[in-house]
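Here's the structure, in structure tokens; my notes come after.
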């Protein structure tokens, strides 16, 4: 689904954020991108939808090469890539419904969007998604009245209503508490599963990454230093990604939580409950 | 360094000794200039007149009371004109200021090197000329009357509104705009979904604030013949009709109080 070839990014300040990155994400795969702050995780996913312009290299979404698209084609390509942000990035003064519908902006003309005359099919889909994430009663609320977890759910709806092929997720849990973080991660993974979406999830929390992703890619100073399943993350690998530290505790904890999670799955409490 | 070591102890001071002397010298210089200027002004003042001022003021106040209330019949129309000058002028200013502000804001301007300097020049030139001077020029151009006042107020307000608005645009949260860009929205949609909602409170506040200022400014425009209550004020002063002057001042005061009240309530309702 997504193929990145020899991607380089050098900022004007001279920071060499990405060095010869090669990466393939097949359809339906949820991939976690881990690494310390400043490793280039954000830059990498922002290069894919060109919120950051790559310096060189090629990026394919299906057969479409993204790195050299003109502005109109780029807009069309962006509708195929949903993005979820760290601080939710909802338009605070718009209602929940308007925020969700803004995911359809690439599909409707200016005047229709200006007068908020979205097609009924879009509105139906918005209500479906809000119901799926448990926020159907919040449609008329203004975005700034919501809690962090609720806002991130709206962010997820906004990304999904684009009907994307690929999800770019930038630190979805960085400003959430541990419980909400897991709920959000679980929700994202379930939705990707349901819709066979490929996803790149930037995350600095190794535990969460191991719990939810089937593939982990470790980025260090702009280069990929690990690419494999979560089970193979051992102290040596983590040291290579993050530097010297006692990693045993981290790995032990994940194994315990995996067992807990299996029990949880048996009890079928995976359905997300709205936060208090 | 403000930290020194004296007998094994670290001593911290706010400033180094040199900076301390510098600050002290700065204050000395300031006081010296103030005293010098005071003397210059004092030398050029005719103190006889100043000493006489309380007596003159009492005399004028005496001639001002009681206000000539019957003159109010003549004043209603000019008061209405004054409010209209302010309101229409503000509307014209807003209509022009919005596009200028978007052209001047670094994050929305179509071109940093060509369009932005032009927009900034419009803002500066509008702001640097007082509305009374705009009115003076417009009265000679299009003749005396309300129209000159409306345009004068409008021209002066463009810069004010555009400057505050473009600063508001530059201070928006860019991540909200990025999120809208990432959905594949066109530029016009990025503006209407990502930027406009964020600047609406600032926009409303600026407009009402400027309207409030314009009510006050339009009361004096008549002094140069640009319509409004200032026309009557000028006429009354030059005919030494002090009881009329006092009534006009009271009316201006009342108008300004009402406009303050209205704008405070509107602002409160919007934000």
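Residue numbers (this note's numbering), protein chains in the order written: chain R, 433 to 708; chain S, 844 to 1114.
C-beta: ideal position from N, C-alpha, C; glycine also.
- In the DSSP assignment, residue 892(S) forms no beta bridge with any residue.
- Annotation: residue 907(S) has no Cβ neighbours in chain R at a cutoff of 9 Å; minimum Cβ distance is about 51 Å.
- Closer than 8 Å to the CB of residue 483(R) there is at least one CB belonging to chain S.
- DSSP places residue 863(S) inside the alpha helix (DSSP H), whose first and last residues are 860 to 886.
- For the C-beta of residue 542(R), the chain S residues within less than 8 Å are, from N- to C-terminus, 1029, 1031, 1032 and 1035.
- Listed along chain S, the residues sitting closer than 7 Å to residue 517(R) by beta-carbon distance are 1018 and 1022.
- With a 10 Å radius around the Cβ and a threshold of 16 neighbouring Cβ atoms, residue 661(R) comes out exposed.
- The alpha-carbon separation between residue 943(S) and residue 1052(S) amounts to approximately 19 Å.
- DSSP places residue 679(R) in the coil class of the three-state scheme, outside both helix and strand.
- Look at residue 492(R) here: in three-state DSSP terms it is strand.
- DSSP places residue 658(R) inside the beta strand (DSSP E), whose first and last residues are 655 to 660.
- When C-beta distances to chain S are compared with 9 Å, every residue of the region 446 to 472 of chain R stays at or above that value.
- Scanning 895(S), 988(S) and 963(S) for the CA closest to the CA of residue 1003(S) turns up 963(S).
- Taking a 10 Å sphere around the C-beta of residue 1088(S), we find 16 or more other C-beta atoms and assign the residue as buried.
- Looking from the CA of residue 618(R), the closest CA among 592(R), 596(R), 645(R) and 638(R) belongs to 645(R).
- Interface annotation, residue 605(R): not in contact with chain S, CB-CB separation never under 8 Å.
- For residue 527(R), the closest Cβ of chain S is not nearer than 8 Å.
- Contact note: residue 521(R) reaches chain S through 1018, 1019, 1021 and 1022, using a C-beta cutoff of 7 Å and chain order.
- In this structure, DSSP gives residue 636(R) a state outside helix and strand, which the three-state scheme calls coil.
- Exclusion of the five residues before and after residue 1059(S) leaves 1099 as the residues of its chain whose Cβ lies within less than 6 Å of its Cβ.
- The region 526 to 541 of chain R and the region 1023 to 1040 of chain S touch, with three or more beta-carbon pairs separated by less than 8 Å.
- Comparing alpha-carbon positions, the option among 935(S), 1000(S), 996(S) and 956(S) lying closest to residue 967(S) turns out to be 1000(S).
- Against chain R, the beta carbon of residue 845(S) has no neighbour under 7 Å; the closest one sits roughly 32 Å away.
- Taking a cut-off of 8 Å for Cβ pairs, the region 638 to 657 of chain R and the region 585 to 601 of chain R do not touch, as fewer than three such pairs fall below it.
- When DSSP states are grouped into helix, strand and coil, residue 619(R) belongs to the helix group.
- Per DSSP, residue 514(R) is one residue of the beta strand (DSSP E) stretching across 513 to 516.
- Identification of chain S residues near residue 524(R) by a Cβ-Cβ cut-off of 9 Å yields 1016, 1019, 1040 and 1041, ordered along the chain.
- Neighbours of residue 547(R) in chain S, taken as residues at a C-beta separation under 9 Å, are lacking, since the least C-beta distance is about 10 Å.
- Between residue 920(S) and residue 926(S), the alpha-carbon positions lie close to 10 Å from each other.
- Proximity of chain R to residue 1025(S) at the Cβ level (cut-off 7 Å) is accounted for by 481, 483, 510 and 515, in chain order.
- Boundaries of the alpha helix (DSSP H) harbouring residue 985(S): 974 to 985, taken from the DSSP string.
- Separation of the CB atoms of residue 584(R) and residue 616(R) is rounded to 5 Å, and the pair is thereby assigned contact status at 8 Å.
- Distances from the CA of residue 1070(S) to each of 958(S), 903(S) and 932(S) were compared; the closest alpha carbon is that of 932(S).
- In the DSSP assignment, residue 540(R) falls outside any beta strand (DSSP E) and carries neither an H nor an E.
- Beta-carbon to beta-carbon, residue 917(S) and residue 1075(S) are separated by about 7 Å, close enough to satisfy the 8 Å threshold.
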